[in-house]
Amino acid sequence: QVQLVESGGGLVQPGGSLRLSCTASGIMFRIYTMDWYRQAPGRQRESVATISSGGSTNYADSVKGRFTISRDNAKNTVYLQMNSLKSEDTAVYYCHVNIILSGDSWGQGTQVTVSS
């Protein structure tokens, strides 16, 4: 059974930084592409960043240059370093993986609030 557990959210002032973590269990973590998504109130869930099994990364235009996704296969963990945070980054952030023949798995989400 796949389990994704996020941590690291919180309240931060504009311009501040946070690092989110997502630890996976029940999968061969190193072979899967991992994603971070976010959902703000009243908006659809959107992709924020992706990291492949080989370490290739992709980012939404809105976070390029500010966010960095990384992974530690020894710890079965994917990270999202968020710098220069803006109020529009406020959302619930979710870790995601798509497992072949099993479908999508999501974490429980972690709230990020950017406010002064």
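First residue of the sequence shown? That's -10 in the numbering used here, and the numbers climb one at a time after it. For each residue, glycine too, the CB sits at the ideal point set by N, CA and C. As the structure is a computational prediction, the values presented were derived from the model and not from experiment.
- DSSP places Asn47 inside the beta strand (DSSP E), whose first and last residues are Thr46 to Tyr48.
- In this structure, Leu7 and Ser104 do not form a Cβ contact; the two beta carbons are roughly 13 Å apart against a cut-off of 8 Å.
- Beta-bridge pairing by DSSP links Gly92 to Ile88.
- Judged by DSSP secondary structure, Met23 falls within the beta strand (DSSP E) whose first and last residues are Met23 to Gln28.
- Judged by DSSP secondary structure, Ile40 falls within the beta strand (DSSP E) whose first and last residues are Glu35 to Ile40.
- The C-alpha of Arg19 lies about 31 Å from the C-alpha of Arg32.
- The three-state reading of DSSP puts Ser73 in coil, since its state is none of H, G, I, E or B.
- Fewer than three beta-carbon pairs drawn from the stretch 8 to 16 and the stretch 33 to 44 are found closer than 8 Å, and the two stretches are therefore not classed as touching.
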